[in-house]
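Chains E and A are the protein sequences, given in the same order.
Under numbering that gives the first Met the number 0, the first residue of the first sequence carries the number 0, and numbering increases by one thereafter.
Under numbering that gives the first Met the number 0, the first residue of the second sequence carries the number 0, and numbering increases by one thereafter.
Backbone N, C-alpha and C define an ideal beta-carbon position, used for all residues, glycine too.
Working notes for the structure below.
Number of protein chains: 2
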Amino acid sequence: MSELVSKAEKLDAADDLGGTRAEFVLDDTVYLDGNSLGALPAAVPDRVADVVRRQWGELRIRSWEESGWWTAPERIGDRIAPLVGAEPGQVVVGDSTSVNVFKALVGAVRLAGDGRDEILVDATTFPTDGYIAESAARMTGRTLRPVTPAEVPGALGDRTAAVLLNHVDYRTGRLHDLPSLTAAVHAAGAYVVWDLCHSAGALPVGLDEHGVDLAVGCTYKYLNGGPGAPAYLYVRRDLQDRFDSPLPGWNSHAEPFGMRTAYAPASGALRGRVGTPDILSMLALEAALEVWDGVSIEAVRAKSLALTDFFLECVAEYVPEGRVESLTPVAHAERGSQVALRCDDAGDVMKRLIERGVVGDFRAPDVLRFGFTPLYVGFADVERAARTLAKTLA
Amino acid sequence: MSELVSKAEKLDAADDLGGTRAEFVLDDTVYLDGNSLGALPAAVPDRVADVVRRQWGELRIRSWEESGWWTAPERIGDRIAPLVGAEPGQVVVGDSTSVNVFKALVGAVRLAGDGRDEILVDATTFPTDGYIAESAARMTGRTLRPVTPAEVPGALGDRTAAVLLNHVDYRTGRLHDLPSLTAAVHAAGAYVVWDLCHSAGALPVGLDEHGVDLAVGCTYKYLNGGPGAPAYLYVRRDLQDRFDSPLPGWNSHAEPFGMRTAYAPASGALRGRVGTPDILSMLALEAALEVWDGVSIEAVRAKSLALTDFFLECVAEYVPEGRVESLTPVAHAERGSQVALRCDDAGDVMKRLIERGVVGDFRAPDVLRFGFTPLYVGFADVERAARTLAKTLA
Numbered sequence: 000m001s002e003l004v005s006k007a008e009k010l011d012a013a014d015d016l017g018g019t020r021a022e023f024v025l026d027d028t029v030y031l032d033g034n035s036l037g038a039l040p041a042a043v044p045d046r047v048a049d050v051v052r053r054q055w056g057e058l059r060i061r062s063w064e065e066s067g068w069w070t071a072p073e074r075i076g077d078r079i080a081p082l083v084g085a086e087p088g089q090v091v092v093g094d095s096t097s098v099n100v101f102k103a104l105v106g107a108v109r110l111a112g113d114g115r116d117e118i119l120v121d122a123t124t125f126p127t128d129g130y131i132a133e134s135a136a137r138m139t140g141r142t143l144r145p146v147t148p149a150e151v152p153g154a155l156g157d158r159t160a161a162v163l164l165n166h167v168d169y170r171t172g173r174l175h176d177l178p179s180l181t182a183a184v185h186a187a188g189a190y191v192v193w194d195l196c197h198s199a200g201a202l203p204v205g206l207d208e209h210g211v212d213l214a215v216g217c218t219y220k221y222l223n224g225g226p227g228a229p230a231y232l233y234v235r236r237d238l239q240d241r242f243d244s245p246l247p248g249w250n251s252h253a254e255p256f257g258m259r260t261a262y263a264p265a266s267g268a269l270r271g272r273v274g275t276p277d278i279l280s281m282l283a284l285e286a287a288l289e290v291w292d293g294v295s296i297e298a299v300r301a302k303s304l305a306l307t308d309f310f311l312e313c314v315a316e317y318v319p320e321g322r323v324e325s326l327t328p329v330a331h332a333e334r335g336s337q338v339a340l341r342c343d344d345a346g347d348v349m350k351r352l353i354e355r356g357v358v359g360d361f362r363a364p365d366v367l368r369f370g371f372t373p374l375y376v377g378f379a380d381v382e383r384a385a386r387t388l389a390k391t392l393a
Numbered sequence: 000m001s002e003l004v005s006k007a008e009k010l011d012a013a014d015d016l017g018g019t020r021a022e023f024v025l026d027d028t029v030y031l032d033g034n035s036l037g038a039l040p041a042a043v044p045d046r047v048a049d050v051v052r053r054q055w056g057e058l059r060i061r062s063w064e065e066s067g068w069w070t071a072p073e074r075i076g077d078r079i080a081p082l083v084g085a086e087p088g089q090v091v092v093g094d095s096t097s098v099n100v101f102k103a104l105v106g107a108v109r110l111a112g113d114g115r116d117e118i119l120v121d122a123t124t125f126p127t128d129g130y131i132a133e134s135a136a137r138m139t140g141r142t143l144r145p146v147t148p149a150e151v152p153g154a155l156g157d158r159t160a161a162v163l164l165n166h167v168d169y170r171t172g173r174l175h176d177l178p179s180l181t182a183a184v185h186a187a188g189a190y191v192v193w194d195l196c197h198s199a200g201a202l203p204v205g206l207d208e209h210g211v212d213l214a215v216g217c218t219y220k221y222l223n224g225g226p227g228a229p230a231y232l233y234v235r236r237d238l239q240d241r242f243d244s245p246l247p248g249w250n251s252h253a254e255p256f257g258m259r260t261a262y263a264p265a266s267g268a269l270r271g272r273v274g275t276p277d278i279l280s281m282l283a284l285e286a287a288l289e290v291w292d293g294v295s296i297e298a299v300r301a302k303s304l305a306l307t308d309f310f311l312e313c314v315a316e317y318v319p320e321g322r323v324e325s326l327t328p329v330a331h332a333e334r335g336s337q338v339a340l341r342c343d344d345a346g347d348v349m350k351r352l353i354e355r356g357v358v359g360d361f362r363a364p365d366v367l368r369f370g371f372t373p374l375y376v377g378f379a380d381v382e383r384a385a386r387t388l389a390k391t392l393a
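Structure follows, in structure tokens:
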């Protein structure tokens with residue numbers, strides 16, 4: 000045991016990202032649930048207090064202009080953009096991930112045109128994407144076909160309008176090959192929508208580089224935006240003029256205060272807006288994103304892999320063989336920023352683990368899920384988590 | 000002039016709702032824009048600080064259960080319910096008004112069944128309702144027909160699936176006859192969706208009493224929930240089991256944490272939920288709604304009418320005849336809680352009026368809009384607003 004403790008010490012001492020931990024509000028809990036709800040960035044409370052007391056309480060309606068409320072969805076989108084490899088003007092923040100999946104997938108089907116009647120959806124997806132895809136298919140008169148990401152290349156064809164995929168599997172932590180899957184979808188003449196909920200803020204995404212068409216993601220996991228913080232929508236610049244949203248609210252009108260009877264969509268990313276943005280949640284997210292100033296997503300990815308490697312090493316050392324089974328791929332190219340361990344009594348184990356100060360989460364029926372946020376998780380945390388897990392499993 | 004000043008004093012002295020003003024953060028501005036963004040309730044800042052610092056910062060993921068985050072959409076819906084005349088279990092909070100219009104109108108069309116191919120929409124509606132209605136019609140294969148509320152009875156027929164109406168016109172402040180229009184829609188075998196943005200919190204709505212099918216509304220006007228606070232959806236209890244949402248997110252699943260591939264809708268109001276609720280905005284709204292404890296909506300309505308009557312009286316006294324034209328009906332039964340005055344230079348007039356400490360808003364091309372929130376606007380405010388308006392118009 001002491002060997003891994005001293006290894007953790009060395010890794011922490013050499014950690015270039017060790018300093019960002021101080022920008023979060025943390026205690027002595029080992030918090031490995033940042034892939035569900037990111038920890039509170041220290042800058043958020045004062046910012047939110049200012050938004051409530053001064054911007055709303057004193058300036059009131061004037062804040063739509065004077066405090067930059069009206070333009071927040073695009074402005075904050077541009078802060079997220081570099082984290083997912085996008086040039087400015089292509090990401091807009093607002094609504095929930097589910098609502099954005101609906102916009103993106105219906106938009107993708109419409110881009111593909113009338114001749115293509117099938118939507119492929121990741122059969123292993125987080126459930127909401129599947130439910131929304133079913134509604135999108137029903138409402139656009141397409142057939143929905145669930146396939147695993149590995150089956151996508153074989154399933155693509157002339158009938159394929161759009162494909163909805165997850166970058167990282169929420170359950171297993173498996174990272175899918177965004178560049179090659181995107182290229183395969185394009186080779187078939189179809190459009191791809193990527194769900195980045197479990198990758199954005201944990202690893203490089205490269206939306207522009209790989210020519211992704213549309214993407215969505217939440218902001219309350221690795222982006223630490225707060226509970227239920229608004230999600231975002233990416234529409235590649237050259238597709239924006241043809242993007243035809245199924246939710247054309249007044250906020251995406253070319254002249255929102257013109258009060259026109261006829262809808263005329265705005266240009267650019269803001270075509271993805273719908274109704275009035277939820278300012279309190281949105282400006283909390285804006286403050287939360289400041290922790291990324293000067294942080295490279297490549298450095299985050301390197302540390303993330305080192306953390307999950309080290310966790311798997313500690314688990315192998317501390318936990319008797321066969322007691323748990325890792326669902327997370329060993330190969331770095333196939334791993335996100337979480338480790339999923341399967342065991343029959345996972346629900347009970349996680350409950351007791353949390354009581355012992357190590358917070359992960361349980362995904363029914365049998366998965367222990369541990370998320371590693373490189374901005375605030377260190378190697379000593381990882382060692383302690385594995386050691387506590389071993390005790391709990393004993 | 001002094002006669003109206005002393006009348007204002009008397010009216011304020013006799014005002015049963017005069018005490019609620021102290022529950023808001025106000026200054027010496029006359030704030031007549033609560034029909035756009037309600038003033039800050041004094042209880043909100045500390046509540047939001049607690050949500051951020053303790054619930055998110057300390058309890059983190061545990062707050063979904065321990066702080067009641069998960070059930071907030073229904074719980075807060077039940078706080079709004081009595082204000083719109085609904086028994087508990089029929090209102091759910093979340094998403095923007097535009098998104099809720101989409102859910103409600105598509106849901107109404109589906110309730111009506113395949114045999115009815117037309118949607119009627121209020122031709123004088125706030126634009127977003129019209130845009131969303133167009134999308135709902137397109138995506139359900141129905142024809143959209145814009146008609147004024149007055150034309151609705153004559154336009155109803157066997158083809159009518161659903162009708163989308165505003166309770167109070169955002170521009171003129173005209174109150175439409177919800178009971179009789181609802182009855183007419185029902186007599187034609189169709190379903191009605193009411194948009195309550197400009198009536199909820201200002202006057203009794205009586206959703207249950209009048210048998211309304213579905214309704215939506217925002218919470219940042221007369222309900223003072225804060226900028227972009229989440230909207231709400233009402234689905235009448237006996238329709239809930241047949242309500243078929245076009246946005247079936249994981250939050251409306253019968254077993255949201257079962258992670259099922261197949262969608263199975265929950266029972267009750269929560270069937271209207273979609274994705275993860277935006278907790279900061281939502282719990283600010285919950286604190287804001289506490290000002291309604293012990294307040295009767297009938298008393299609010301009585302004061303609202305007294306305020307708008309007095310404003311029209313002061314304007315008639317102070318402003319030279321013909322300089323402005325009131326678009327707001329004189330009859331109480333046709334008046335919401337705002338007064339809209341038309342004049343060619345409205346944009347410029349409102350700008351100067353705001354500089355003089357009287358805040359209303361301008362709606363293009365030529366409308367001065369003044370909203371009267373009975374919880375914090377008094378009769379002396381009204382007199383001062385009219386007097387300052389007269390000076391500005393001179």
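Give the single residue among the options whose Cα lies nearest to the Cα of residue i.
| i | options | result |
| --- | --- | --- |
| A/Pro203 | A/Val329, A/Val357 and A/Val83 | A/Val83 |
| E/Val24 | E/Asn34, E/Pro247, E/Gly67 and E/Ala41 | E/Ala41 |
| A/Thr327 | A/Gly321, A/Leu340, A/Glu316 and A/Val318 | A/Leu340 |
| A/Leu238 | A/Gly271, A/Ala261 and A/Tyr221 | A/Gly271 |
| A/Val299 | A/Lys9, A/Lys6 and A/Thr19 | A/Thr19 |
| A/Phe125 | A/Val167, A/Leu374, A/Leu177 and A/Arg109 | A/Val167 |
| A/Thr147 | A/Leu163, A/Ala136, A/Asp292 and A/Ala201 | A/Leu163 |
| E/Gly37 | E/Thr387, E/Thr275, E/Phe369 and E/Ala389 | E/Phe369 |
| A/Lys6 | A/Phe310, A/Glu324, A/Val366 and A/Leu374 | A/Phe310 |
| E/Val108 | E/Phe242, E/Asp277, E/Tyr375 and E/Gly248 | E/Phe242 |
| E/Pro152 | E/Gly267, E/Pro178 and E/Arg170 | E/Pro178 |
| E/Val192 | E/Tyr233, E/Ala265 and E/Asp343 | E/Tyr233 |
| E/Pro44 | A/Ala363, A/Glu150, A/Val51 and A/Asp77 | A/Val51 |
| E/Thr260 | A/Tyr130, A/Arg141 and A/Thr260 | A/Tyr130 |
Residues of chain E with CB under 9 Å from residue i, in chain order?
| i | result |
| --- | --- |
| A/Met258 | Phe125, Pro126, Tyr169, Arg170, Arg362, Ala363 and Pro364 |
| A/Ser134 | Ser244, Pro245, Leu246, Pro247 and Tyr262 |
| A/Ser62 | Leu36 and Pro226 |
Enumerate in chain order the residues of its own chain whose CB-to-CB distance from residue i is below 7 Å, with the five nearest sequence positions on each side excluded.
| i | result |
| --- | --- |
| A/Ala230 | Asp94, Ser95, Thr96, Asn99, Val215, Gly216, Cys217 and Thr218 |
| A/Pro245 | Phe101, Lys102 and Val105 |
| A/Thr391 | Val348, Arg351, Leu352 and Arg355 |
| E/Glu333 | Arg173 and Leu174 |
| E/Ala111 | Ala160, Ala161, Ala189 and Tyr190 |
In its own chain, which residues sit with a C-beta less than 6 Å from the C-beta of residue i, not counting the 5 before and 5 after it?
| i | result |
| --- | --- |
| E/Val29 | Val357, Asp380, Arg383 and Ala384 |
| E/Asn165 | Asp121, Thr124 and Asp194 |
| E/Val92 | Pro72, Ile75, Gly76, Pro229 and Tyr231 |
List the residues of chain E that residue i touches, going by C-beta distances under 8 Å, in chain order.
| i | result |
| --- | --- |
| A/Ile131 | Leu246, Pro247 and Gly248 |
| A/Tyr30 | Arg59 |
Which residues in chain E have a C-beta closer than 7 Å to the C-beta of residue i? List them in chain order.
| i | result |
| --- | --- |
| A/Trp291 | Ordered by position in chain E, no residue passes the 7 Å Cβ test against A/Trp291, which lies about 19 Å from the chain. |
List, in chain order, every chain A residue whose beta-carbon is nearer than 9 Å to that of residue i.
| i | result |
| --- | --- |
| E/His175 | Chain A residues near E/His175: none, gap ~18 Å exceeds 9 Å. |
| E/Val24 | Arg52, Trp55, Gly56 and Glu57 |
| E/His252 | Pro126, Thr127 and Tyr130 |
Going along chain A, which residues have a C-beta under 7 Å from residue i?
| i | result |
| --- | --- |
| E/Trp68 | Pro226 |
| E/Met138 | Met138 and Pro245 |
Give every residue of the same chain whose Cβ lies closer than 8 Å to the Cβ of residue i, excluding the five residues on either side of it in the sequence, and list them in chain order.
| i | result |
| --- | --- |
| E/Gln337 | Asn34, Val167, Gly172, His197, Thr307, Thr327, Arg368, Phe369, Gly370 and Phe371 |
| E/Val290 | Thr19, Glu22, Phe23, Pro40, Ala42, Asn223 and Leu374 |
Closer than 6 Å: is that where the CB of residue i sits relative to any heavy atom of the ligand GDP?
| i | result |
| --- | --- |
| A/Gly356 | This structure lacks the ligand GDP, and indeed carries no ligand of any kind. |
Quick one: list the residues of chain A neighbouring residue i, beta-carbon separation under 8 Å, in chain order.
| i | result |
| --- | --- |
| E/Pro229 | Asp277 |
Requested in this report: Below 7 Å between beta carbons is the criterion; list the residues of the region 32-51 of chain E that meet it against any residue of chain A, in chain order.
Outcome: Asp32, Ser35, Leu36, Ala38, Leu39, Val43, Pro44, Val47, Ala48 and Val51
**Report entry** Within the region 328-372 of chain E, ranges of the alpha helix (DSSP H) (whole runs, at least 4 residues)
**Finding:** 345-354
Requested in this report: Residues of the region 260-281 of chain A with a CB closer than 9 Å to any CB of chain E: list them in chain order, please.
Outcome: Thr260, Ala261, Tyr262, Val273, Gly274, Thr275, Pro276, Asp277, Ile278, Leu279, Ser280 and Met281
Query raised in the report: What runs of the beta strand (DSSP E), each 3 residues or longer, lie entirely inside the region 81-130 of chain E?
Result: 90-92 and 117-121
Query raised in the report: Just by C-beta distance, which residues in the region 96-118 of chain A are closer than 7 Å to chain E?
Result: Thr96, Ser97, Val98 and Phe101
**Report entry** Contiguous beta strand (DSSP E) assignments of at least 3 residues, all confined to the region 182-260 of chain A
**Finding:** 190-194, 213-216 and 231-234
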